[in-house]
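For what it's worth, the working numbering labels the leading residue of the sequence shown as 4, then goes sequentially. Positions of the beta carbon are idealized from the N, C-alpha and C atoms, including for glycine. For reference, the structure is listed below as structure tokens.
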Amino acid sequence: MGNTEVNLKASSASKLAVDFRRDHKQILSQIISSYDSVIIRGYCRVRFTIININILHILALCLHGERRILDLWCGCCLFGLYFSMLHPDIAYCGHDMDSKRISMATYSAMCLGVHNTIFRCQDVRDLILNENFDAVMVINLMHHLDDNSKNSLLATCARHLASNGKLIIKDVTTHPFHKLVFT
Ligand SMILES: C[S@@+](CC[C@H](N)C(=O)[O-])C[C@H]1O[C@@H](n2cnc3c(N)ncnc32)[C@H](O)[C@@H]1O
Numbered sequence: 004m005g006n007t008e009v010n011l012k013a014s015s016a017s018k019l020a021v022d023f024r025r026d027h028k029q030i031l032s033q034i035i036s037s038y039d040s041v042i043i044r045g046y047c048r049v050r051f052t053i054i055n056i057n058i059l060h061i062l063a064l065c066l067h068g069e070r071r072i073l074d075l076w077c078g079c080c081l082f083g084l085y086f087s088m089l090h091p092d093i094a095y096c097g098h099d100m101d102s103k104r105i106s107m108a109t110y111s112a113m114c115l116g117v118h119n120t121i122f123r124c125q126d127v128r129d130l131i132l133n134e135n136f137d138a139v140m141v142i143n144l145m146h147h148l149d150d151n152s153k154n155s156l157l158a159t160c161a162r163h164l165a166s167n168g169k170l171i172i173k174d175v176t177t178h179p180f181h182k183l184v185f186t
């Protein structure tokens, strides 16, 4: 391989990285602006700022190639909307027990023109699923549940994961404290 070809490959790789950073920032700001409430927009800005951005990228990579995604306890769905916009071919299903947050997520998805999402209002401690998923995400949830609820949740997820399906669990540490407060 000649030097010119190597240089061309390096410059197109760095262009791809720049395009990705630009797309990624644009998606995050579109999601933030789609929320109706000024408080939620402020909250999202803080969440997207304090989350280690590499974690968002790692989660997105974990979902790569998976189609039916279940997100347990999605809140107002800022991360779910990000994954759904990044991978328009996924079918994303977000659960939360707070009907206001589910309405907010539904409204934002509608404003963003994101059609690959559905939302359900359900307590994860009484989780009933009627279908299987290729990936189940449990983000910042486990530390809120007692051991019995954790066991029963994991058993339900295992029953509803497709063969070779992925269970993706991310949780928080107790420090720094300001990050814990904002999850
Ligand atoms: C901080 S948000 C986390 C959302 C999202 N996973 C994230 O990390 O941004 C916490 C959400 O958990 C929901 N929640 C709390 N207990 C729950 C339960 N037992 N079942 C379902 N959702 C629950 C709350 O309604 C709230 O929307």
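Looking only at its chain, what residues have a beta carbon closer than 6 Å to the beta carbon of residue i, apart from the 5 residues adjacent to it on each side?
i    : result
C80  : G97 and A108
S102 : C124
D137 : E69, R70, R71, A165 and G168
D26  : none
S37  : S111, C114 and L115
C47  : I35 and L81
Report yes if the CB atom of residue i is closer than 8 Å to the CB atom of residue j, and no otherwise.
i    : j    : result
C124 : M100 : yes
K173 : N143 : yes
L115 : I35  : no
I30  : L89  : yes
F82  : I105 : no
A63  : L84  : no
V139 : I171 : yes
Please determine, among the options, the residue with the shortest C-alpha to C-alpha distance to residue i.
i    : options                  : result
D2   : N154, D137, I58 and A112 : Since the displayed the chain opens at 4 and closes at 186, residue 2 lies outside it and no answer follows.
F86  : M113, S37, L66 and D150  : L66
H146 : I93, K28 and L156        : L156
V141 : D39, G45, N151 and C160  : C160
L73  : S152, I131, R48 and F51  : I131
H60  : S152, K28 and D149       : K28
With 8 Å set as the bound, which would you pick, yes or no: does the beta-carbon of residue i sit closer than that to a beta-carbon of chain B?
i    : result
T120 : The structure shown contains no chain B, having only a single protein chain.
Taking residue i and residue j to be in contact with their CB atoms under 8 Å, please state how far apart those CB atoms are, rounded to whole angstroms.
i   : j    : result
L75 : V127 : 5 Å
For residue i, which residues from the same chain have a beta carbon less than 8 Å from its beta carbon, with the 5 sequence-adjacent residues on both sides left out?
i    : result
N135 : R71, H163, L164, A165 and G168
A158 : none
I43  : C79 and M107
Can you give me the Cβ contacts of residue i inside the same chain, cut-off strictly under 7 Å, excluding the 5 residues immediately before and after it?
i    : result
Y95  : I72, D74, G83, F86, S87, N119 and T120
P91  : N119
S193 : The requested residue 193 is not part of the displayed model; the chain covers only 4 to 186.
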